[in-house]
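Presented below is the structure to which this report refers.
In the UniProt record's numbering, the protein residues as written are 1 to 309.
Written as structure tokens, this is what we have:
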């Protein structure tokens, strides 16, 4: 049985695991991220990798990372909460240091691949993965692989424009992230209540609505409607077998039911709309990125970078 060293790199901590080729976790751990010091970031990764290389007979390294990951070159573009990782070549640096093949993929893409391999989409070929958090992100799965698009923006569904406001000839466009992310819900309620956004979170808003707060109840209702609008659009643009929802809010037991209520309103008002999206929440939660990073590695095995040592 082949074993692999897998990392889920985040802004506050780096999670790691030794996982075998069947997707079984043999060992897990984490440590704080070195946010502005790539030398320390590099040292931490190499130390953990070499420690486990002999113990578990590691045969490759897989990374899940934020930002504009170019999985072919091993370089991360764009920006994230971990500035030091943007620019260095992960395949060259870590492949050479550990003497192992290396693969790297974007974190949202990895979460989607984890669900495709072992989770909610394990029996599907074509799926849209949607992460609902501070903003909305996602991944397009085509034939069980990531579809990245011509500009590496495949799956950037949070940029969909869902609302246009005309104020005296001046147009304001609202994206799906601005209308249906949990971050947008928090900002909306904070503005209504005259609070700072950091004084609230999604959990507090839902608790207040359940206790009878009308402002929170109305904001949540609009939030679900905006979610349903975006999901409706995804279904008719891509026509996936399933739309998988991730993010902290996916743990709410009533999430799917509430979205379906709004979808049924939309479908009922558009007479030619006959397709009711199949929606599920992700199964692997915090482990999806790790599983997906390894699945990406295994998909790339034949062309994986082998260090010249």
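Glycine included, C-beta positions come from ideal geometry on N, C-alpha and C.
Residue i - containing beta strand (DSSP E), residue span
{"i": "residue 147", "result": "145-147"}
{"i": "residue 167", "result": "161-167"}
{"i": "residue 26", "result": "25-32"}
{"i": "residue 62", "result": "58-65"}
Cβ pair residue i, residue j closer than 9 Å
{"i": "residue 134", "j": "residue 182", "result": "yes"}
{"i": "residue 292", "j": "residue 112", "result": "yes"}
{"i": "residue 49", "j": "residue 98", "result": "yes"}
{"i": "residue 146", "j": "residue 247", "result": "no"}
{"i": "residue 296", "j": "residue 105", "result": "yes"}
Residue environment, residue i, which counts as buried when at least 16 other CB atoms sit within 10 Å
{"i": "residue 55", "result": "exposed"}
{"i": "residue 1", "result": "exposed"}
{"i": "residue 199", "result": "exposed"}
{"i": "residue 165", "result": "exposed"}
{"i": "residue 195", "result": "exposed"}
{"i": "residue 77", "result": "exposed"}
{"i": "residue 107", "result": "buried"}
{"i": "residue 286", "result": "exposed"}
{"i": "residue 90", "result": "buried"}
Bridge partners - residue i, DSSP secondary structure assignment
{"i": "residue 49", "result": "Residue 49 is not bridged to any residue."}
{"i": "residue 245", "result": "130 and 281"}
{"i": "residue 173", "result": "164"}
{"i": "residue 16", "result": "7 and 29"}
{"i": "residue 105", "result": "64"}
{"i": "residue 77", "result": "68"}
Beta-carbon proximity list for residue i, same chain, < 7 Å, skipping 5 on both sides
{"i": "residue 45", "result": "7 and 94"}
{"i": "residue 216", "result": "189, 205, 208 and 209"}
Run of the alpha helix (DSSP H) containing residue i, from where it starts to where it stops
{"i": "residue 70", "result": "No alpha helix (DSSP H) contains residue 70, which is instead part of the beta strand (DSSP E) from 68-70."}
{"i": "residue 10", "result": "First-last for residue 10: undefined, no H or E at that position."}
{"i": "residue 156", "result": "Careful: residue 156 lies outside any alpha helix (DSSP H) and carries neither H nor E."}
{"i": "residue 268", "result": "255-269"}
{"i": "residue 275", "result": "It is not in any alpha helix (DSSP H) - residue 275 carries neither H nor E in the DSSP assignment."}
Proximal residues to residue i (C-beta, below 6 Å), its chain only, five neighbours per side dropped
{"i": "residue 262", "result": "224, 225 and 228"}
{"i": "residue 311", "result": "One cannot answer for residue 311 here, as it falls past the ends of the chain, which runs 1 to 309."}
Chain B contact for residue i (CB, 9 Å cutoff)
{"i": "residue 53", "result": "Checking the listed chains, one finds no chain B in this structure; it contains a single protein chain."}
Contacts around residue i, its chain only, beta-carbon distance under 8 Å, and the 5 residues preceding and following it disregarded
{"i": "residue 234", "result": "128, 130, 157, 240, 243 and 277"}
Distance cut-off 8 Å: residue i Cβ against heavy atoms of the ligand FMN
{"i": "residue 232", "result": "Absent from the structure shown: the ligand FMN. Ligands present: none."}
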